[in-house]
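Counting in the working numbering, the sequence shown runs from 84 upward without gaps. These notes are about the structure you will find just below.
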Amino acid sequence: MNTQRHSQQNFVRLTLHFMQTRLPGIALCVGVTSVAYGLESAEIALFGKAWLEALNLALLGGVLCRSLRKPCAAMAPGIHYCAKTVLNTAIVLLGASFSLTTVLSVGPWLTAGVLGMVLFSLTFTCAVGRCMGLPLTQTLLVACGNSICGNSAIMAAAPVIQAREEDVGSTIAFTAAGGLVVVLGLPLLMPLLNLNTVAEGALAGLTVYAVPQVMGASAPFGLSAIHMGTLVKLVRVLMLGPVCLMLALFCQGKGNHQSVRHERRAKQKLPIFRLLPWYILGFIAMLLLRSVNVLPQPLLAPAAQMATFLTTLAMAALGLSVDVKSVFRASRPLVLTVIVSLGGLISASIALLKIMQGCTGLGS
């Protein structure tokens, strides 16, 4: 009985401590997120679609709030909690949105092409970033963002390579701007490429960041393009786990500057937990559970909606962590890397689809 009472007291104490330390910052992030969703709804009402999604609006809103007035110290723990723990939870839930069976239905040749394109983009972007003088950490963030799935990949890779929150926020801001240009520009470029409908959808899936953006970029070309674009995009997302594992191995080989206490804790963990953070393992587990139909079907849609909301909340927190002055001081190498990386990805994707359309009859 005493043990049970002691456990209850500890739970109450921890709950009160959590509320006192983190609730102010969480409340600010929720406020910024609410405004972002309101602006997205206003865009849809005025223009028929959202040119900037709530994810990006939350980031911009956080940056604006930080620029007008830096949050007080009491809000820092809650903001940090949203930028880390809330985001990690969102990544786990995101795994329930994907099924290996559905993703692999694009066919072996196109699947191999997508995986090869992701590896090419990662390598090419790293080379460009180093030539532009961009720090290695931000180079890796840009490479993951452009090659895999934009914001989600950047935020998933950041803890693995121990990136600063300011670097994460500024990288997302610039890559999001580049991604928006791709979404708006692809429908204008497509008619000049002489690709069939399926290949046009695949091009959107290879180059655009988020699934909703892929659907928007391929929508002018019909349902076949939307379907293929979405499937190709999901294959790219599946590279998130393997790429984070590669980064973990890379960073472990380079060594890091963690404290001795942290190193001792790490040695006590199983190897897989030293290499991959828990949220990537959770993402993979959810994906596998979805693939074998263990997850109840009625839970899939709410899980996807919750993942989107939590990611948007984390984006607001990242925006609140960005110092605009430091962003613009480092902007030139970052902008050049993003632009050249996207240009290389688009050019290589067009070449790949031209070859596949001619040799394998893609879409015919």
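All residues carry an ideal CB built from backbone N, CA and C; glycine is no exception.
Which same chain residues end up closer than 7 Å to residue i when comparing Cβ atoms and leaving out the 5 residues on each side of it in sequence?
i, result
"isoleucine 433", "Leu276, Leu286"
"cysteine 148", "Val115, Leu403"
Quick check: what's the CA-CA separation for residue i versus residue j?
i, j, result
"threonine 391", "methionine 215", "33 Å"
"glutamate 123", "aspartate 406", "24 Å"
"methionine 273", "proline 385", "35 Å"
"methionine 102", "cysteine 227", "34 Å"
"asparagine 93", "isoleucine 231", "42 Å"
"valine 375", "leucine 151", "49 Å"
"proline 270", "threonine 104", "48 Å"
"leucine 393", "alanine 166", "10 Å"
"alanine 387", "alanine 137", "15 Å"
"glutamate 76", "tyrosine 120", "Summary: the structure shown does not reach residue 76, with the chain confined to residues 84 through 447, and so no result is reported for it."
"arginine 348", "valine 326", "The pLDDT assigned to arginine 348 is 46, lower than 50, so where the model puts this residue is not dependable, and the model offers no usable value."
"threonine 448", "tryptophan 361", "Only positions 84 to 447 of the chain appear in this structure, which leaves residue 448 out of reach."
"alanine 110", "proline 154", "12 Å"
"leucine 383", "methionine 389", "10 Å"
Check each candidate in the options and name the one with the smallest Cα separation from residue i.
i, options, result
"phenylalanine 304", "Gly284, Leu445, Phe257", "Gly284"
"serine 204", "Met311, Ile438, Leu289", "Leu289"
"aspartate 250", "Ala260, Ile237, Gly441, Gly261", "Ile237"
"valine 243", "Gly212, Val377, Thr220", "Thr220"
"alanine 210", "Pro416, Thr168, Ala156", "Pro416"
"serine 424", "Gly261, Ala239, Lys132", "Gly261"
"glycine 368", "Thr172, Leu224, Leu97, Leu435", "Strictly speaking, residue 368 in this sequence is alanine, with glycine absent from that position. For the residues Thr172, Leu224, Leu97, Leu435, the minimum Cα distance to alanine 368 belongs to Thr172."
With residue i as the anchor, note down where its alpha helix (DSSP H) starts and where it stops.
i, result
"leucine 403", "380 to 403"
"asparagine 234", "234 to 243"
"proline 416", "414 to 442"
"tyrosine 164", "159 to 164"
"phenylalanine 207", "191 to 215"
"glycine 284", "280 to 290"
"glycine 312", "306 to 320"
"tryptophan 361", "361 to 374"
By Cβ distance, which residues of its chain are closer than 6 Å to residue i, with the 5 residues on each side in sequence left out?
i, result
"isoleucine 162", "Gly108, Ala400, Leu403"
"glycine 365", "Val175"
So, for residue i: in the same chain, excluding its five sequence neighbours on each side, which residues have a beta-carbon less than 8 Å away from its beta-carbon?
i, result
"alanine 159", "Gly108"
"glycine 426", "none"
Of all Cβ atoms in chain C, is any one closer than 7 Å to the Cβ of residue i?
i, result
"alanine 137", "Annotation note: the requested chain C is absent from the structure, which comprises a single protein chain."
Quiz item: Contact between the segment 412 to 423 and the segment 165 to 179: three or more CB pairs below 8 Å?
Solution: The segment 165 to 179 and the segment 412 to 423 do not touch, with fewer than three beta-carbon pairs separated by less than 8 Å.
Quiz prompt | Touching by the beta-carbon criterion (3+ pairs, under 8 Å), the segment 194 to 201 and the segment 309 to 322 | solution = yes
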